[in-house]
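Quick note: to get our numbering, add 194 to the position in the sequence shown (first position is 1).
Note that CB positions come from ideal geometry on N, CA and C, so glycine has one too.
Take a look at the structure below.
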Amino acid sequence: MNNTLIVGGGPIGLNLAARIASEGWQADVLEEHPQIGKPVHCSGLISASGCEELNLNVSDILLNEIKGARIYSPENKVIEVRRKKTVANLVDRALFDKMFYEKAKKAGAKIHLRSKLINVKNNTVFFQKKKRGEIKKAQYVVGADGVQSKIRDLMGINIDKNLFVHAYQEHVEGYFEKDMVEVHFGKFAPGYFGWIIPKNESTAEVGLAVTLGSMNPAEAFKKFVEEKKLGIKTVSKDSALIPCGPPLKTIMENNMFLVGDAGFQTKATSGGGLMLGLQSSNVLADTILNNIKSKTSLDKYALNMNKINKELMMHWKIYSYYQSLSEKALNKLFVQAQNAGIEQFLEEFGDMDKPSRFIGKILKKPKMWSLVPMALKILR
Ligand SMILES: Cc1cc2nc3c(=O)[nH]c(=O)nc-3n(C[C@H](O)[C@H](O)[C@H](O)COP(=O)(O)OP(=O)(O)OC[C@H]3O[C@@H](n4cnc5c(N)ncnc54)[C@H](O)[C@@H]3O)c2cc1C
Numbered sequence: 195m196n197n198t199l200i201v202g203g204g205p206i207g208l209n210l211a212a213r214i215a216s217e218g219w220q221a222d223v224l225e226e227h228p229q230i231g232k233p234v235h236c237s238g239l240i241s242a243s244g245c246e247e248l249n250l251n252v253s254d255i256l257l258n259e260i261k262g263a264r265i266y267s268p269e270n271k272v273i274e275v276r277r278k279k280t281v282a283n284l285v286d287r288a289l290f291d292k293m294f295y296e297k298a299k300k301a302g303a304k305i306h307l308r309s310k311l312i313n314v315k316n317n318t319v320f321f322q323k324k325k326r327g328e329i330k331k332a333q334y335v336v337g338a339d340g341v342q343s344k345i346r347d348l349m350g351i352n353i354d355k356n357l358f359v360h361a362y363q364e365h366v367e368g369y370f371e372k373d374m375v376e377v378h379f380g381k382f383a384p385g386y387f388g389w390i391i392p393k394n395e396s397t398a399e400v401g402l403a404v405t406l407g408s409m410n411p412a413e414a415f416k417k418f419v420e421e422k423k424l425g426i427k428t429v430s431k432d433s434a435l436i437p438c439g440p441p442l443k444t445i446m447e448n449n450m451f452l453v454g455d456a457g458f459q460t461k462a463t464s465g466g467g468l469m470l471g472l473q474s475s476n477v478l479a480d481t482i483l484n485n486i487k488s489k490t491s492l493d494k495y496a497l498n499m500n501k502i503n504k505e506l507m508m509h510w511k512i513y514s515y516y517q518s519l520s521e522k523a524l525n526k527l528f529v530q531a532q533n534a535g536i537e538q539f540l541e542e543f544g545d546m547d548k549p550s551r552f553i554g555k556i557l558k559k560p561k562m563w564s565l566v567p568m569a570l571k572i573l574r
């Protein structure tokens, strides 16, 4: 029995299934929804560098190319980072998931729709398929079942509610600068921020997140739109939780594994989980395949996640640092960073997935030395 059962037909679970099935091993995916990619709870913004690293060709599902970001402090101090070349790709998230579905199917993985995980007892997985109880035996059981993971619950891992943010997003019509995203800090989004991600000049994903339980996110969104005078027209809306914490220490136990949002392999600074989640699923695929082929220890999963965890941890430390500041201190930091030349620095060294590539560099650039206390607090 060398089969892998993956709970969750999101991009992370499907990529894992594709990797395992492409080497000729059995991979089954349980997905509770009747179709892959729906409903969508995501803006679909992914780094261009991540796409390159993962060899992902997104040209068929590309909606927009983003060149930079404008970040607003609570008092509207602005840091603008703009590059000549594309920094991030905005993709159609439903088609993104379908791309991984096709890849998994083509590789020979079996994807079971309308199939909801109920329980796991050792190697036996209990699920409900079209309302009928079924069981499957599996050597490896993977929770790629998202932010509210059932597998994580079954592993006995409890997460503090403060480590989730509640996001609310609207697809809207309005007027937008096509190749710039906006990030807005302010009282309207306690514990997080608001965002504007343009699809083109006249449509965008506009949203925000708040610490879970701090405020109703739809009410917070109204305040954000009013305060920033966004002048937008709602086309559709959605709301979901996002993991916002350090990567989980326990991501495997016996034959059960966590990957993607289920394992908090999500960037705390932005809520983005696609790129590092996909990279993590490649690490898990290698671990399982090496265990099947040469009995290499499954503990290697946690060990081989070290490099990605270092980045996830850095996202968490940056997030924790700026969340610890008062509004006044955050405004002050914006001004200080502007004066130190942060815009040119980030244009040169910024990386939306891998902050370790630039945080350490602050220490080496004399012009940036006024930010050294901040860098040291983050790095400690
Ligand atoms: C408003 C919003 C905007 C976002 N924008 C971005 C962005 O721009 N860029 C980015 O990188 N990330 C973004 N994210 C985060 C991103 O959506 C997640 O990180 C990503 O979806 C994680 O992928 P996953 O495969 O781990 O989980 P999911 O995509 O959540 O997939 C999990 C799957 O498991 C299924 N499932 C759950 N429980 C069961 C069960 N018991 N049985 C069977 N199936 C089950 C679910 O139906 C789902 O299909 C955003 C999130 C939100 C909420």
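As far as DSSP is concerned, G231 takes part in no beta bridge.
Counting of Cβ neighbours within 10 angstroms places P441 among the buried residues, the total reaching 16 or more. For C245, the shortest C-beta to heavy atom distance toward ligand 1 is 8 Å or greater. Taking C-beta atoms as the reference points, V223 and I329 fail to come closer than 9 Å. Here the alpha carbon of T280 sits roughly 20 Å from the alpha carbon of C236.
Comparing alpha-carbon positions, the option among I426, F528, G439 and L424 lying closest to L406 turns out to be G439. If you look at S433, you'll find it isn't in any alpha helix (DSSP H); it sits in the beta strand (DSSP E) that goes K427 to P437.
For D222, the secondary structure class from DSSP, reduced to helix, strand or coil, is strand. Excluding the 5 residues flanking it on each side, L284 has same chain C-beta neighbours closer than 7 Å at G238, L239, L257, N258, I260, I391 and K393, in chain order. In the three-state DSSP reduction, L210 falls in the helix class (H, G or I). Under the DSSP assignment, S309 falls in the beta strand (DSSP E) whose first and last residues are S309 to K315. When beta bridges are read from the DSSP output, H360 appears opposite V404 and L435.
Scanning its chain for C-beta atoms nearer than 7 Å, with the 5 sequence neighbours on each side dropped, one finds around A569 the residues I553, I556 and L557, in chain order. When I436, Y334, L478 and G454 are compared, the shortest CA-CA separation from T198 is found for Y334.
The closest heavy atom of ligand 1 lies 8 Å or more from the beta carbon of Q473.
For I486, the shortest C-beta to heavy atom distance toward ligand 1 is 8 Å or greater.
Secondary structure within the region 532–573: the alpha helix (DSSP H) runs of 4 or more consecutive residues, fully enclosed, are 536–543, 550–556 and 566–573 (chain order). Per DSSP, the unbroken alpha helix (DSSP H) holding G471 starts and ends at L468 to S488. According to the DSSP secondary-structure assignment, K323 is paired through a beta bridge with S309 and R326.
Rounded to the nearest whole angstrom, the CA to CA distance from A412 to H227 is 25 Å. Remark: C-beta atoms of K232 and A288 approach each other more closely than 9 Å. In this model, R308 and Q229 are separated by some 8 Å (Cα to Cα). Bounds of the beta strand (DSSP E) holding E259 are L256 to I260.
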